[in-house]
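Note that the protein sequences, when read in sequence, are chains A and B. When you read off a place in the first sequence, starting at 1, and then add 65, the result is the number in my numbering. When you read off a place in the second sequence, starting at 1, and then add 3, the result is the number in my numbering. Have a look at the structure below, then the notes.
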Amino acid sequence: DSGVTQTPKHLITATGQRVTLRCSPRSGDLSVYWYQQSLDQGLQFLIQYYNGEERAKGNILERFSAQQFPDLHSELNLSSLELGDSALYFCASSVSPDFGELFFGEGSRLTVL
Amino acid sequence: ILNVEQSPQSLHVQEGDSTNFTCSFPSSNFYALHWYRWETAKSPEALFVMTLNGDEKKKGRISATLNTKEGYSYLYIKGSQPEDSATYLCAFSGTMEYGNKLVFGAGTILRVKS
């Protein structure tokens, strides 16, 4: 158990809908990262937050947004969903903002029908 | 463009064989190189985080080396066991033009037959 909690574990929804994925980092970790793993693709970096502030942005679509709250949990919002958004979304956390060892959650599997 | 490449894509070995994988990354603006182990139906777990050229790290039968000047890292597994079967990921973070991102390679899939 990495200490990183992600909910929901599985989610099935329809195209055009909006979903929110939630992540609680390990106790004491200030950095939260979101990664997407689509079929036949590696882990794609989406976005990083450190202590409530956006720190780095990767290949995150404009339809996606994220935030980190004062209690350090983070949410990834995916809107106007398309079939291609079906993927496994991982949250990870670390103590430092500069990519120390990452601790991954178990992922949220999103299926868009 | 930041490319992190891993080879081979997959590897099938017999129990007891020693094996190694390669991770290639940009040789400029280096910050850190990570190795993760990802078992099926689980989440990736960190093996090593390496920051200095010439670093060598070891954890049990697994070790890794780092050459930042030429942009590569090797992961070695000595005496492979079936429980070593997993996908091994490397990830690169760089400074300046590479921003604050940790970019993963596609991974090497290792299958160890008993």
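Ideal placement from N, C-alpha and C gives every residue a C-beta, glycine not left out.
Under 9 Å between C-beta atoms of residue i and residue j
i      : j      : result
A/D150 : A/L175 : yes
B/S13  : B/I80  : no
A/S173 : A/L167 : no
A/E147 : A/Q71  : no
A/T80  : A/V160 : no
B/E59  : B/L69  : yes
B/A35  : B/S117 : no
B/A1   : B/H37  : Outside the displayed range of chain B (4 to 117) lies residue 1 of chain B, so it cannot be described from this structure.
Span separating the alpha-carbon of residue i from that of residue j
i      : j      : result
B/R64  : B/Y39  : 15 Å
B/T90  : B/S21  : 16 Å
A/D163 : B/E18  : 37 Å
A/G107 : B/L92  : 9 Å
A/S144 : A/Q132 : 14 Å
A/S67  : A/S130 : 25 Å
B/S66  : A/L141 : 35 Å
B/S88  : B/N23  : 13 Å
A/L76  : A/S89  : 18 Å
A/Q102 : B/V16  : 27 Å
B/T71  : A/T78  : 44 Å
A/V69  : B/Q84  : 28 Å
B/F33  : A/Y100 : 21 Å
A/N124 : A/C156 : 15 Å
A/E118 : A/H138 : 12 Å
A/L104 : B/E100 : 29 Å
Burial state of residue i, where buried means 16 or more other Cβ atoms lie within 10 Å
i      : result
B/G82  : exposed
B/M53  : buried
B/R114 : exposed
B/P47  : buried
B/T43  : exposed
A/Q82  : exposed
B/T98  : exposed
B/K104 : buried
A/L86  : buried
B/G57  : exposed
B/F107 : buried
A/R120 : buried
A/F110 : buried
Start-to-end residues for the beta strand (DSSP E) that takes in residue i
i      : result
B/I80  : 75-80
B/I112 : 111-116
A/N142 : 139-143
B/A44  : First-last for B/A44: undefined, no H or E at that position.
A/R174 : 173-177
Task: Stretch-stretch touch, CB-based, cutoff 8 Å, three pairs: the segment 22-40 of chain B with the segment 64-78 of chain B - done: The segment 22-40 of chain B vs the segment 64-78 of chain B: in contact.
Open item on the list: Does the contact criterion of 3 or more C-beta pairs under 8 Å hold for the segment 142-156 of chain A versus the segment 5-15 of chain B?
Closed with: Segments in contact, no.
TODO: Would you check if there are 3 or more beta carbon pairs closer than 8 Å linking the segment 106-114 of chain A to the segment 90-97 of chain A?
DONE: Segments in contact, yes.
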